[in-house]
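Those letters in the sequence shown? Residues 1 to 296, by full-length UniProt numbering.
Below: the structure, in structure tokens.
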Amino acid sequence: MLACPESKSRLTNGRRTAAEKFRVVLSYPHTPKKTGLPRELFKWLQSLDLRFYPTNSCRDFSNGYIIAEIFYWYFPDDIEMHEFKTGNSIATKLSNWALLERFFIKRHLNLAKELIHGTIHRKPGAAEALIQNIYVILTSRKIKCIKDEKIDLTDTSYQKMLPMVARSTATKAVKNNIRITEIIAEPDTVFNQQKVQTILNRHLQHRYEERLENPKRFDIKPTLGELAVRIFPSINAMENMAKLLKDKRSKISLSSSSSETSKETVPFQEIQVKQATRSDMSADLSGGSVTAVNEK
Numbered sequence: 001m002l003a004c005p006e007s008k009s010r011l012t013n014g015r016r017t018a019a020e021k022f023r024v025v026l027s028y029p030h031t032p033k034k035t036g037l038p039r040e041l042f043k044w045l046q047s048l049d050l051r052f053y054p055t056n057s058c059r060d061f062s063n064g065y066i067i068a069e070i071f072y073w074y075f076p077d078d079i080e081m082h083e084f085k086t087g088n089s090i091a092t093k094l095s096n097w098a099l100l101e102r103f104f105i106k107r108h109l110n111l112a113k114e115l116i117h118g119t120i121h122r123k124p125g126a127a128e129a130l131i132q133n134i135y136v137i138l139t140s141r142k143i144k145c146i147k148d149e150k151i152d153l154t155d156t157s158y159q160k161m162l163p164m165v166a167r168s169t170a171t172k173a174v175k176n177n178i179r180i181t182e183i184i185a186e187p188d189t190v191f192n193q194q195k196v197q198t199i200l201n202r203h204l205q206h207r208y209e210e211r212l213e214n215p216k217r218f219d220i221k222p223t224l225g226e227l228a229v230r231i232f233p234s235i236n237a238m239e240n241m242a243k244l245l246k247d248k249r250s251k252i253s254l255s256s257s258s259s260e261t262s263k264e265t266v267p268f269q270e271i272q273v274k275q276a277t278r279s280d281m282s283a284d285l286s287g288g289s290v291t292a293v294n295e296k
């Protein structure tokens, strides 16, 4: 017996609807790749007539060439553009930023080193915050902060947005917060180990906070001290305890004062010592020699 196509379509549709009932859709927030620049900063950058207009803040500001060109418009005598290169290698970036740091010291410009380091290694949000600071320094204008909170170039805020099942492991946390260019720029193994250890310590602290927030998820059993019923003492008991403490303190003070007075009233008897004269010593010596002769 052959089944008609209509019955087959009904069966498949019935199976799909049954499966869709038990389907669980998980939607997580996407990684914040770039925060973007405000409109005022875009207008300001367009007015400078730069050679390379930044389309991607994280990528285009990392080598420092555009930042040098920005400062060249305000300080043309202090910056020579032929010294800067347009490459994207780590050596080119470090050489360009070394020249810029000399210029910052010369002009007494205070820029956060964390933002410079994050811009070089393309950490999310670092380039935008750096351009914002440069805009405020050069134009003396106020602008709404891109990030109102403290400078944090880690993925801590993003991880807190995710559910626990989707949060990164210890290995993923190290990978997210350390770029390969950081290791190339600073090949010291001890320094890199310290950075990794700080990331791991922060990750363990977050895991500890998660266990405190959701003890049922991690099957944490309360201790005997936590299970014990806290019975607060009555007012009379508190007053009695206070009286006992006062009595103990008074006894201790009396005993200490009595011991001090007893030490002060201890009688001392003077001993008189007679010093022997030379005549007495010679007589004793002569008497001793005579007795020795008689014994012989």
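We put the beta carbon where it would ideally sit given N, CA and C, even for glycine.
Fair warning: this is a prediction, and the values are worked out from it, not measured in the lab.
Distance, residue j Cα to residue i Cα
i	j	result
ILE90	ILE79	21 angstroms
SER57	LYS123	11 angstroms
GLY36	LYS85	25 angstroms
LEU245	GLU226	28 angstroms
ALA242	LYS248	10 angstroms
ARG102	GLU213	48 angstroms
ARG202	ALA237	45 angstroms
ALA173	ILE199	7 angstroms
TRP73	ALA185	30 angstroms
LYS106	VAL165	51 angstroms
GLN132	THR154	19 angstroms
PRO38	TYR135	11 angstroms
MET81	PHE42	22 angstroms
ARG179	LEU50	29 angstroms
THR119	PRO233	60 angstroms
LYS142	PRO54	22 angstroms
TRP97	PHE191	21 angstroms
PRO222	LYS216	10 angstroms
LEU109	THR189	32 angstroms
THR171	ASP77	48 angstroms
ILE183	HIS206	25 angstroms
ARG211	SER253	49 angstroms
ASN177	ASP219	30 angstroms
ASN240	VAL229	23 angstroms
MET161	GLU209	14 angstroms
ALA127	ILE151	12 angstroms
VAL196	THR169	14 angstroms
GLU69	LEU100	11 angstroms
SER140	ARG167	41 angstroms
LEU224	ILE231	15 angstroms
GLU83	PHE52	16 angstroms
GLN159	ILE235	49 angstroms
ALA129	PHE104	17 angstroms
TYR28	PRO163	Low confidence applies to TYR28: its pLDDT is 47, below 50, so where it sits in the model is not reliable, and the reading given next is rough at best. Spanning the two alpha carbons is a distance of roughly 8 angstroms.
ASN88	HIS117	15 angstroms
Extent of the continuous alpha helix (DSSP H) to which residue i belongs
i	result
VAL196	189 to 213
GLY118	113 to 120
TYR53	Neither: TYR53 is in no alpha helix (DSSP H) and is coded neither H nor E.
residue 348	This structure gives no information on residue 348, because the portion of the chain shown stretches from 1 to 296.
THR184	At residue 184 the sequence reads Ile, which differs from the Thr that was named. It spans 180 to 185 - the alpha helix (DSSP H) in which ILE184 sits, taken as one unbroken run.
LEU138	126 to 139
ARG217	Neither: ARG217 is in no alpha helix (DSSP H) and is coded neither H nor E.
LYS160	156 to 161
ARG167	Neither: ARG167 is in no alpha helix (DSSP H) and is coded neither H nor E.
SER57	57 to 60
GLN46	39 to 47
SER95	90 to 107
residue 329	No statement about residue 329 is possible, as the shown extent of the chain runs from 1 to 296 and does not include it.
Below-9 angstroms beta-carbon distance, residue i vs any chain C residue
i	result
GLN194	Among the protein chains of the structure shown there is no chain C, as only one such chain exists.
> Is the region 53 to 67 close to the region 119 to 136, with three or more CB pairs under 8 angstroms?
Replying inline: yes
>> Could you check whether the region 92 to 108 touches the region 62 to 77, counting it as contact only if at least three pairs of C-beta atoms, one from each stretch, sit closer than 8 angstroms?
In response: yes
> Counting Cβ pairs, one atom from each stretch, are 3 or more of them under 8 angstroms apart for the region 111 to 120 and the region 37 to 49?
Replying inline: no
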